[in-house]
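Residue numbering for the sequence shown follows my numbering, beginning at -15 and increasing consecutively.
Note that the Cβ used here is the ideal one computed from N, Cα and C, for glycine as well.
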Amino acid sequence: MPPTENDFDLRRASTPPSGMGISEYNFADINNLEHCAKYLNQTLITFGFPVSLDLFAHDPVSIARTCNCVYALLQQRQRDIEFRESANEQRQRLLSDISRLEAKVERLESQLQAKDREIATITREEAKATAVLKVQIDKLQKERDEFQRMVLGNQQVRTQQIYEMKKKEKEYIKLQERLNQVMMEKKKESRSGMEIMNLLQKEGRQRGTWNGKKADNDFYKKIVDAYEAKNQELVAENADLRALLRSMQADMREFLNAPNGSSRQSTSSNERLDNDHLQSPLGGRTDVFDLPLHMARDQIEESLRNKMASIKERMGQLQDAQKGAEVTSEATERELELEAQLVEARSIIQEQNSQWATIGSISMLVSSLSTSLSGVLAALCGSNVWFEWVERSRKIMRSSMSSKTME
């Protein structure tokens, strides 16, 4: 049987190291053979080798027993060496596994620390986002509350405007009724004037019942005084109406040219219309309200229509903004005043038109009366014209008044 690697290892292990004597490793010698044999037998029995060795025997059985014991010792030694090698290899594997696991643990610890840092960062960001979201929610709630208040305010303003419009409509109806009454009264006055004219045109017994020249002078004086008083009253009333129209147009222009008013185009068009209205029909630059009615009526009506259209457009924009709840604005006291002035201006314009019509009818009545009187005087005194008769009647009245004062 050839020697194995383990045998060489056993030999190397049993070989004494260099530099040491052989006597240091000698267990038995000639003098203690019996004692050594006895010790070896006891040791073998102790370690599980029940066969006792007879080292001094010469029979083959004892020698075979000794060889078997020595072979068993060698097998045990080889098993020990293999166990040590396997244990060493397992130890090396365990050490490598431990080092690998330690590296893995370090890597996992570093990853855990990184994840902890990420969690801390995410927690801080979440806290910041939560704070920002809370602030935004509070802001949106405030805006919602403010929007609800504005909607309620707009509804209240709209209700108030509807109430004011109904009130203005009632006032407008009343003014129309009043205007109709005034027109009826004017018609009655014109009828009375026509009756007077008819009485003057009649000939016969009524003319004979007059009391001479003094009665004629008194009658002419009354007619002229009534005409002049009515004319002065109408002139004063027209002056007041013109002043009111001027102030109303200035207020409307200021309202239309306000910063929160209509667009620039409408503002420029209103300014252009106002500047055009300052031009008189004769080419000069004067106030349009100082012109006669037949010359300035079209310009005044056009200006008022344009301003009314602009105001209606403004009111429509405000109503659309209130319905859509996109632009919330409140009606100011100035707008209410302008509406009141607008309604008043309408009534004033209608009244002025009726007064101008009344003035026209009165002027026609006076002209017809003057024509009839001139005809009567022409029939009585010859071919005298109307203006000479007026001058003569004024001189007569002045002379009569001076004579009365002297008396």
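Could you give the DSSP three-state label for residue i: helix, strand or coil?
{"i": "Asn16", "result": "coil"}
{"i": "Asp304", "result": "helix"}
{"i": "Gly268", "result": "With a pLDDT of 46 at Gly268, under the threshold of 50, the modelled position of that residue is not reliable, and the figure given next carries that caveat. Three-state DSSP puts Gly268 in coil, outside helix and strand."}
{"i": "Leu229", "result": "helix"}
{"i": "Phe33", "result": "coil"}
{"i": "Ala213", "result": "helix"}
{"i": "Leu159", "result": "helix"}
{"i": "Asp43", "result": "coil"}
{"i": "Phe11", "result": "coil"}
{"i": "Asp38", "result": "coil"}
{"i": "Leu24", "result": "helix"}
{"i": "Glu285", "result": "helix"}
{"i": "Lys151", "result": "helix"}
{"i": "Asn222", "result": "helix"}
{"i": "Asn241", "result": "coil"}
{"i": "Leu275", "result": "coil"}
{"i": "Ser331", "result": "helix"}
{"i": "Ser247", "result": "In this prediction, Ser247 scores a pLDDT of 44, lower than 50, which makes its location untrustworthy; no coordinate-derived value is stated."}
Hey, residue i and residue j are a contact pair by Cβ (cut 8 Å); roughly how many whole angstroms apart?
{"i": "Arg49", "j": "Leu37", "result": "7 Å"}
{"i": "Ile146", "j": "Leu225", "result": "Not confirmed; about 31 Å, so no contact."}
{"i": "Leu28", "j": "Cys53", "result": "7 Å"}
{"i": "Leu163", "j": "Glu335", "result": "7 Å"}
Among the options, which has the Cα closest to the Cα of residue i?
{"i": "Arg330", "options": "Arg91, Glu127, Leu228", "result": "Leu228"}
{"i": "Ile284", "options": "Glu297, Gln120, Leu117, Arg230", "result": "Arg230"}
{"i": "Asp235", "options": "Gln26, Ala324, Gln165", "result": "Ala324"}
{"i": "Glu238", "options": "Lys172, Gly137, Lys291, Glu69", "result": "Lys291"}
{"i": "Glu286", "options": "Met299, Gln233, Leu302", "result": "Gln233"}
{"i": "Asn241", "options": "Lys22, Asp202, Ile295", "result": "Ile295"}
{"i": "Gln303", "options": "Glu69, Lys151, Val135, Glu212", "result": "Val135"}
{"i": "Gln60", "options": "Ala71, Gly32, Ile82", "result": "Gly32"}
{"i": "Met299", "options": "Gly137, Ala220, Leu159, Met149", "result": "Met149"}
{"i": "Ala41", "options": "Gln26, Tyr55, Ala21, Thr30", "result": "Ala21"}
{"i": "Lys170", "options": "Phe203, Ile207, Lys214", "result": "Lys214"}
{"i": "Leu326", "options": "Tyr156, Asp122, Ser70", "result": "Tyr156"}
What I want to know is whether the C-beta of residue i ends up closer than 6 Å to one or more non-hydrogen atoms of the ligand COA.
{"i": "Gln160", "result": "With respect to small molecules bound, the structure shown includes none, and the ligand COA cannot be examined in it."}
For chain B, check one thing: does any of its Cβ atoms lie closer than 7 Å to the Cβ of residue i?
{"i": "Arg330", "result": "The structure shown contains no chain B; it holds only a single protein chain."}
In chain order, which beta strand (DSSP E) runs of at least 3 residues are fully inside the region 63 to 128?
-> None, since the region 63 to 128 contains no complete beta strand (DSSP E) of that length.
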